[in-house]
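0 is the number of the first residue of the sequence shown in numbering that gives the first Met the number 0; add one for each residue after it.
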Amino acid sequence: MEIVKKIIALVSSMRAGLFLLAAIAITSAIGSYFLPTTFYRSPTFQLLLLLLLINMAFCTAQQLIKAIKKAKSNANKEKTPSASTFRRSGLILLHAGLVFILVGGTINSFGGISETVPIIEGEGVEITRVIPEAKPFTLQVDEFIIEFNEDASPSQYISNVSIIENGEVTREYSISVNNPLEHNNIKIYQSSFGYLIDAEAKTENGLSERSLFQEGSVLNLQGTDIAVMLYRYLPDFDPASGMQTRSYRPDNPVIIYSVYEMGSLLNVGYASFGETVEIAENAFVTFHGVKPYTGLIIKRDPGLGVAAIGGIMLMLGACLALIFRTKNPEQRD
């Protein structure tokens, strides 16, 4: 029994709570740098979060027990609640709010989903492919727009999307940076954009292949030892700028490519849209253009509501504790 008391005292101590907070802060800083997309769902972070939740739950329980004992002892002395009573209530509410926030964070860490999905203009994604337990609907990108500043730098990315349920469009929305779409408790954020390169390869034996390729992909010429890396798309090419585009406006679009034979680099070049390049003897590649795609973050946070309630409780508790704080140290808990 004595051992159990010592364990409870250790788990519920302020020192343990501060240690866990410091551990979470340090590991989060490191994890965010090296594993930005997976750290907050890693066993290490989840364990630290659970331990802090247990610590705060015990602390809150202790505060509540003390408040009940204090209320009983003062039941016959105080006809109306004193400032210290409101202050104690505020501290309990503050601790309980922290517990709710941690519960919400723990729920999100274990059950939340966040995935970046690239979608080409005119195509869509079944939401159940990303979140299997979600209510089915299709997210279709009708149009993707990049707005530019006067200096030709991007100012805004906009994805005009449709929600399709049971074969019918039920909602249309424009997703942009800081303007996410929320549907069926799922949030969809504008995150990034990119381009798929439309390229076609032909060889003397009549073999042909045309497809959309990610930047950096390799196009193998069938029946040969030749491979073409579609290195990069530059919207506004200037030979003096090298591999960097002058702007994101398609004023002089080219594809930078490199040619390999059996793994050895043969050549590096660039080609305009619609241009056919002879890569090797009787081997040709035509660059038809690019198709932009939008990168959307599809996210579900099941613990967000619990955390929001905790935030409200924390603010109310802090206000009560500050408003009714006592000046006399002897009146404090």
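Quick reminder that beta carbons are idealized off the backbone N, C-alpha and C, glycines included.
Which word fits residue i, buried or exposed, when buried means at least 16 other C-beta atoms lie within 10 angstroms of its C-beta?
i, result
"isoleucine 126", "buried"
"alanine 28", "exposed"
"serine 154", "exposed"
"valine 253", "buried"
"leucine 313", "buried"
"aspartate 150", "exposed"
"phenylalanine 33", "exposed"
"aspartate 332", "Only weak support is given to the placement of aspartate 332: the predicted model assigns it a pLDDT of 48, under 50, and the question is left unresolved by the model."
"methionine 55", "buried"
"aspartate 250", "exposed"
"phenylalanine 147", "exposed"
"phenylalanine 286", "buried"
"glycine 273", "exposed"
"serine 158", "buried"
"leucine 128", "Sequence check: residue 128 is arginine here, not leucine. When all chains shown are included, arginine 128 counts as exposed."
Which residue from the options puts its Cα closest to that of residue i?
i, options, result
"glycine 294", "Phe18, Ile67, Ile119", "Ile119"
"tyrosine 259", "Ile225, Asp235, Tyr232, Ile2", "Ile225"
"leucine 218", "Gln189, Ser257, Gln45, Ile185", "Ser257"
"isoleucine 336", "Ala21, Lys298, Ile6, Asn204", "For residue 336 there is no data in the structure shown, the boundaries of the chain being 0 and 332."
"arginine 335", "Ile144, Gly123, Gly215", "A query on residue 335 cannot be resolved here, the shown segment of the chain reaching from 0 to 332 and no further."
"alanine 317", "Ser152, Gly89, Ala21, Ile106", "Gly89"
"glycine 205", "Leu220, Pro131, Arg170", "Leu220"
"glutamate 164", "Gly123, Tyr232, Ser173, Gln243", "Gly123"
"tyrosine 292", "Tyr230, Gly193, Lys201, Leu138", "Gly193"
"aspartate 197", "Glu214, Phe57, Ile174", "Glu214"
"leucine 97", "Ile322, Gly310, Leu321, Arg324", "Gly310"
"threonine 115", "Ala239, Ser191, Arg231", "Ser191"
Once DSSP output is grouped into helix, strand and coil, what is the label at residue i?
i, result
"arginine 86", "helix"
"isoleucine 2", "helix"
"leucine 19", "helix"
"phenylalanine 212", "strand"
"valine 102", "helix"
"asparagine 183", "coil"
"arginine 14", "helix"
"alanine 133", "coil"
"isoleucine 7", "helix"
"leucine 206", "coil"
"tyrosine 39", "helix"
"proline 291", "strand"
"threonine 244", "coil"
"alanine 151", "coil"
"glycine 30", "helix"
Would you mind reading off the limits of the alpha helix (DSSP H) that contains residue i?
i, result
"proline 42", "42-72"
"valine 253", "No alpha helix (DSSP H) holds valine 253; the beta strand (DSSP E) holding it covers 253-260."
"asparagine 127", "Residue identity check: residue 127 is threonine in the sequence provided, not asparagine. Run containing threonine 127: 126-129, per the alpha helix (DSSP H) assignment."
"methionine 314", "303-322"
Tell me whether residue i, by its Cβ, gets closer than 6 Å to a heavy atom of the ligand ATP.
i, result
"serine 161", "What this structure holds is no ligand at all, so the ligand ATP is not there to describe."
For residue i, report the span of its beta strand (DSSP E) as first-last.
i, result
"arginine 231", "225-233"
"valine 116", "112-119"
"leucine 264", "263-271"
"alanine 279", "274-279"
"serine 173", "167-175"
Please report the Cβ distance between residue i and residue j, rounded to the nearest whole angstrom; I am assuming they are in contact, meaning their Cβ atoms lie under 8 Å.
i, j, result
"leucine 19", "leucine 47", "6 Å"
"phenylalanine 136", "isoleucine 162", "6 Å"
"isoleucine 91", "leucine 51", "The Cβ separation is near 18 Å, so there is no contact."
"valine 276", "valine 284", "5 Å"
"phenylalanine 38", "serine 108", "So it is not a contact: roughly 10 Å between Cβ atoms."
"alanine 66", "arginine 86", "With a Cβ gap of about 10 Å, alanine 66 and arginine 86 do not count as contacting."
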